[in-house]
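Per UniProt numbering: the sequence shown = residues 1 to 1182.
For each residue, glycine too, the CB sits at the ideal point set by N, CA and C.
Working notes, structure below.
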Amino acid sequence: MQKQTSEKSEEGSSAEFFSRDGIFHLEPLQTFRPTAPLTNFQVSGSFLIAATVKNTLLRLSVASSSKLSEIEISRVSDDRVHNLFLDPMGWHTIISMQSGMNFYTNRGMKKVRPIIKSKELLFDSVAWNQHNANESSTQEILIGTNDGLIFETILTSDEGRFIANTTEQYWRQVANLGHSVTGLEVVRHPPGSASVLVGEPQRCVILATTPSRLYQFAGWINTSSTTTLLSQLGSGSPTSSTGMHLSANLGLPAVNDYPQPSGVSSTPTLFPNYAPGLYYNVFNPEDKLPAGSKVTEFPHSFGYSDLKLYKFPGDELPSRFAWMTGPGIYFGHLKTEQLNLPPFSMPPSEVGAADSSLSAVEDPTDRLSNRVTTNGQNTTQPRDVFAGRVVNLFRKTKLLPYPVIRMLEHTGVPLGICLTAFHVIVAYADRVKAVNILDDQTVFSMPITPELNGGRALGVCRDPSSGSVWFFSNQGVARLNIRNETCRVWQIYLDRMLFDEARKFCQTESQLDSVNMREAEHCFSHGDFMNSAKLFARTSVPFEEVALRFSQLSLMQQQASRSSSPPVLQGLAVRDDHDVMDAIIHGSDEAKKSSKLSLLNGSKSATELTISASAPLKTLVSTKLQQLIEQKSVPLTGNAGIPSAKQSGPNKDISGQITLLSLWLAELLITEISFFRDRVEKQDSSQDGSRLETASEEFRRLLATPEVLAILPDAKDLLYDLIESHGIDAEIVFLAELLGDHPRLVNHYMRLGMHKDALRTLGASSRCISLVYDYATTLALSCPEDVVTVWLRLGKLLDPVKLLPAIMLLPPKHAMRYLQTAVDRYGCTDQAVHHLLISLCAEASSPLSNQAPESADSKDYLMSYLESTSAHALNMVDAAGHSQFSLQELMSTTLSSEASDEPSSLLMGFDTSFMQSSLPYDPGFVLRTCKETGHLQGTVFILKLLGMHQQALQTAIDSDNIPLAKAIAQNEALNVETRRQLWMIIARHVIGKQSNMQEATSLLRECPLLKLEDLLPYFHDFVTIDQFKDAICASLDSYHQRIGEVKREMHVTMRSTNALRKQLDTLRYRYEELDVANRCVHCKHILLLRAFYVFPCGHQFHMNCLIHLIQPLLTAEEKTELNDLLRMQQQGVCASSVDLQNKLDHIIASDCVSCGQPAIAGVSRLFFPDQTSYEAEVAVWQ
């Protein structure tokens, strides 16, 4: 704090001047220069008005740079302004003259207008409508006079007048207090407030002060329907009894008994039954709207007083009041919650109970008036809680003496007061003082005369919009600026142990730290260890010191359980920080001994004591961890948005602390979970179950925190060991899933025998491929269908070869499902996989097996596999021909080749190099498997695949499967001779076995390649020709038909030959007429100068030009031949020049190079044969 002292001598007394905390700063207003001495002054809404001795009104906008304006009030020279009033918005002004004349003006008017019905009245106070938003009308206001009368009125400008030639819309006397009304304030909710029911009456309290009394009038107002003259026509409410009734209840003279000014009427004369006004029912109770009042009186007064209210920004209602009286400043809080109560909510009995409860705490200076009731009211009916003595808005009231700095100081009589958020400003004629309303200390005392140009202060006012306090003298104006008013509030609340309030007003990190530290010590001393731990974690106290302090609680409880004597902590001596952390984590030797003794004595479980006592320590660690996380995320900002003076350390240190605290808190939670889990298993207590769930959720919430999750990969092994040491399977699963540690999770599931869960994890992650191979055998035995589903989901990530041992343990159905998918969808080409699939398919499709197809429509798995995998190889075999090896040789060689892992000589003789590259399996293995399982279709298929069509046919015949043998012989891919031989074998078998003419005839119809003469040798000798009559006739008919077709073909051929011969004769004598000027198409030179060629299309070339154009379009052989012919032509070595020229013409002149076949073939050729030619051409054009 800064303290500035100076001593001055004024009227023979000394005083000390100072300004603590630098809150207040007094400065003169240099921009305001009055034209005459001032008599009155007001500021509201940054709008300044002042009255001068010349009866003029000065107006100036403080916020803008507008010029000072001046308005004449009165021309009577001996009259002066008595009082000046300005509404809170700075729009409306009321001027009261000492002669009893009163005027009204507003910011938009350029002159004042008299208030006609207020003649001979001196205004001492005005209760403005705080919620008025009309610049041309004041709305409902209350005016207090020097005679003790209170009037309600509405003042308007010219545009808003209700009755012509009047400024006031109505003028109604509502009360008579008997003494000067020095202050008036209305406390009510604004229109549209959520606390006011729509269409319902609204509670209202009016505060009125005289020099020695403070009145509280409470009642109801109705703001939903405006009380106007037209709406009140015919009202039966008598108006002449209002003042008499209220005065009688307050012990005051009645309105009619009090001397009235001349020309003032208490009721309107035009409408005698008219009772307008917003606040009418507050002073005049009715049956349905009761009202009440309360009076506070002090015995001594200055002859005047000053009432001020303060409303915090954003609030709807004021919350504090201050009343300047003779003994001191009466200060208190306003209990505005009563204004929110619903109407008619308490019966009279409860009202009385409330009265008795309030009387115990009533201020000793308060004097209660009689309860206002109406004549003939039924006391048994429900009464409103807002009526009678219950209405008292004041709470926490106190009397603040006027500040006296020294015992010899004579401060004089105060001129007035102003109320701020936490201070009361007291104005004197020569100085200004400020008193803190929380601790009653004077924090500011300064002379005011220098800032007022040497004049003595005449008054004080406060601008509610800016909060500035203004002083004026007849020579100048000064402003008291307020800044950082709450700088010492936190300390005051802290000294009173009001920690929450103190925390609201902390402005720095050190202040907040002091509050937290004090509250933490307070909670610890009173046994509230949980809150103490939370608070200690957010202080600057070394964490290890606090942690050690809380770690001793378990030892204290163990010792207290053994003995009633106070526990003595031993073995907790600390030498350095490492010892501190070691003692916290592992505990002291004394603690271990105490734990053992408690277990031996059979007392309460040491673990239970530790769990109970570790709750504050857990809270401490948890809160400190949260604070570090917040500090890391927002390093430059402290708690609650308070800027911190410095950072606690670099991010690296914070990360290390987060790691340590996270592991520590995890260990505490794991211990707690383990303890409650054991309790639940033994006792099945619902309370322990609930605590177990809470601890488990807290542990999982800790691990899921982003900052903790970031450090888990480095500390997961330690956490796994901690959890496994307690045997908490659920938390291991949660941790592994949180980290995505699927290998650890799979191992955990397999160790517990939870195979389905392990499979679910294996199928969801691609990081467990090695574990799939490791546990494949076990999983195949326990859940074969699920394991195959998982393998198929992993797809190409798995190697089927490594799974073969497990696949062999699967049921054939599931094994085939995986192998077929691996072959068809994933393209597995490993021979071992295909051989296993072939074996399973052969067994499933074999007629010797129980799994063989029951009907012809059933699927043959082996044939489906062979047809899909061997289609390409089969086409190659059909195109190449067939082999002549015997089946016995093939079978004997395949066995030896499998044993030696080398291709058999038989297959090598067949040229199986293309077979090895196109087939994923060994044909010999498939052939042997089919033979062992009796799968005829497979055997025949492989023989056909090997080109051994005769052996395949013979195998089908040996099995007496003639349709299959015919299908082999009908293969269109075989040449005609092969097919004829195959059909001959079938015919020999069928005829030799049955000697049936119908079968022979059927064979002739099925195979056109067979002739009757081919079948005759296979019949027996005793067969007669009559049996072949039909066949012979059919054969002769076919021969005759064929001969006819050949004749027709020969006739067509002869005609085509004759036509060609005629065309050749015509071309032999064809010629072209050339002009001497004809030029070569290529070189554009005269054509007849050199040897040339002329084409039927009209193109003409020199011979050398044609050779040059045709060479790029020739093949390599043609180019070689052309060069040889040209060389021979030059050397003359050819025997016949005609033959040489014919060959040359055939090469270069077979067709036009520009539009014939060579040009068409050259469209798809590149312009340049290689990159070098292209670059050379580009270089030419550059």
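How should HIS526 be labelled, buried or exposed, when 16 other C-beta atoms within 10 angstroms of its C-beta is the threshold for buried? Exposed, since its Cβ has fewer than 16 Cβ neighbours within 10 Å.
Return yes when the Cβ of LEU553 is within less than 9 angstroms of the Cβ of PRO464, no when it is not. By the CB criterion at 9 angstroms, PRO464 and LEU553 fall outside the cutoff.
List the DSSP bridge partners of ALA208. Residue pairing by DSSP places ALA208 opposite LEU184, TYR215 in a beta bridge.
Mind checking whether ALA218 and CYS204 have CB atoms under 9 angstroms apart? Result yes, Cβ atoms of ALA218 and CYS204 sit closer than 9 angstroms.
If you reduce the DSSP assignment to three classes, tell me which class ALA956 lands in. Here ALA956 sits in helix by DSSP.
Rounded to whole angstroms, what is the Cα-Cα separation between ILE143 and ASP124? Approximately 8 angstroms between the Cα atoms of the pair.
Once DSSP output is grouped into helix, strand and coil, what is the label at SER1164? In the structure shown, SER1164 sits in a helix (DSSP, three-state: H, G or I).
By the three-class DSSP mapping on this structure, what secondary structure does THR156 have? In this structure, THR156 counts as strand in the three-state DSSP scheme.
Buried or exposed for CYS523, please, with buried defined as at least 16 other CB atoms from any protein chain shown within 10 angstroms of its CB. By the neighbour-count rule (16 or more Cβ atoms within 10 Å), CYS523 is buried.
Where PHE17 sits in the DSSP three-state scheme: PHE17 falls in the coil class under three-state DSSP.
For the alpha helix (DSSP H) containing PHE123, list its first residue and its last residue. Premise fails: PHE123 lies in the beta strand (DSSP E), 123-127, not in any alpha helix (DSSP H).
Chain-order list of residues whose beta-carbon lies under 8 angstroms from that of ARG1147 (same chain, five-residue window excluded): The displayed chain sequence assigns Ile, not Arg, to residue 1147. Scanning its chain for C-beta atoms nearer than 8 angstroms, with the 5 sequence neighbours on each side dropped, one finds around ILE1147 the residues ILE1110, LEU1114, GLU1118, GLU1121, LEU1122, LEU1125, in chain order.
Can you tell me which residues form a DSSP beta bridge with GLY144? GLY144 is bridged by DSSP to SER125, ILE150.
How many angstroms separate the CA atom of SER633 from the CA atom of PRO706? Approximately 11 angstroms, taken between the alpha carbons.
Once DSSP output is grouped into helix, strand and coil, what is the label at SER61? Of the three classes helix, strand and coil, the one that applies to SER61 here is strand, per DSSP.
Cβ atoms of LEU278 and ASN222: under 9 angstroms apart, would you say? Cβ distance < 9 angstroms, so ASN222 and LEU278 count as in contact.
Buried or exposed: GLN1141, going by 16 or more other Cβ atoms within 10 Å of its Cβ? The C-beta of GLN1141 has fewer than 16 other C-beta atoms within 10 Å across all chains shown, which makes the residue exposed.
Please determine if the region 479-496 and the region 26-40 are in contact, where contact requires at least 3 C-beta pairs separated by less than 8 angstroms. Yes: the two stretches touch, three or more of their Cβ pairs being nearer than 8 angstroms.
In terms of residue numbering, what span does the alpha helix (DSSP H) encompassing HIS1108 cover? For HIS1108, the enclosing alpha helix (DSSP H) begins and ends at 1103-1110.
For the region 96-106 against the region 118-133, do three or more pairs of beta-carbon atoms, one drawn from each stretch, fall closer than 8 angstroms, so that the two count as touching? Yes: at least three Cβ pairs fall under 8 angstroms.
Going by DSSP, what residues sit across from PHE41 in a beta bridge? DSSP output for PHE41 lists ALA50 as bridge partner(s).
I need the straight-line Cα distance from TRP983 to GLY947, nearest angstrom please. Distance between the alpha carbons of TRP983 and GLY947 is about 16 angstroms.
Among ARG979, VAL282, LEU703, GLU72, which one has its Cα closest to the Cα of LEU207? Shortest Cα-Cα distance from LEU207 to any of ARG979, VAL282, LEU703, GLU72 involves VAL282.
Nonlocal neighbours in the same chain, by C-beta distance under 6 angstroms from LEU600, ignoring five residues either side: Residue placement at LEU600 is poorly supported in this model, since its pLDDT is 34, which falls under 50; the coordinates still yield a value, given next. Cβ contact annotation for LEU600 (same chain, cutoff 6 angstroms, sequence separation greater than five): none.
If you count every other CB in all the chains shown that lies within 10 Å of the CB of SER65, and 16 or more means buried, which is it? Answer is exposed; the Cβ neighbour count stays below 16.
Where MET863 falls: helix, strand or coil (DSSP): Looking at MET863 - three-state DSSP - the assignment turns out to be helix.
Taking the alpha-carbon of residue 1266 as reference, which of PRO114, ASN83, PRO963 has the nearest alpha-carbon? The structure shown has nothing for residue 1266, since the chain only spans 1 to 1182.
So for GLN1171, helix, strand or coil by DSSP? Of the three classes helix, strand and coil, the one that applies to GLN1171 here is helix, per DSSP.
Relative to the C-alpha of MET324, which candidate in ASP21, LEU214, GLU932, LYS802 has its C-alpha closest? Selected option, being the one with the closest Cα: LEU214.
Would you mind reading off the limits of the alpha helix (DSSP H) that contains THR789? Per DSSP, THR789 is one residue of the alpha helix (DSSP H) stretching across 784-794.
Please name the residue or residues paired with MET97 in a DSSP beta bridge. Answer by DSSP bridge pairing, in chain order: VAL81.
When we look at the beta-carbon of LEU307 and count the other beta-carbons within 10 Å, is it buried (16 or more) or exposed? Around the C-beta of LEU307, 16 or more other C-beta atoms lie within 10 Å, and the residue is accordingly described as buried.
Whether PHE471 touches LEU494 by CB criterion (9 angstroms): No, they are not a contact pair.
Is HIS755 closer than 9 angstroms to CYS783 when the C-beta atoms are compared? Yes, Cβ-Cβ distance for CYS783 and HIS755 is below 9 angstroms.
For GLY455, which residues in the same chain have their Cβ closer than 6 angstroms to its Cβ, ignoring the five residues on either side in sequence? A distance below 6 angstroms between beta-carbons, with the five flanking residues on each side excluded, links GLY455 to the following residues of its chain, in chain order: SER473, ASN474, GLN475.
Taking only three categories from DSSP, how would you classify ALA1179? Residue state, collapsed to three classes: helix.
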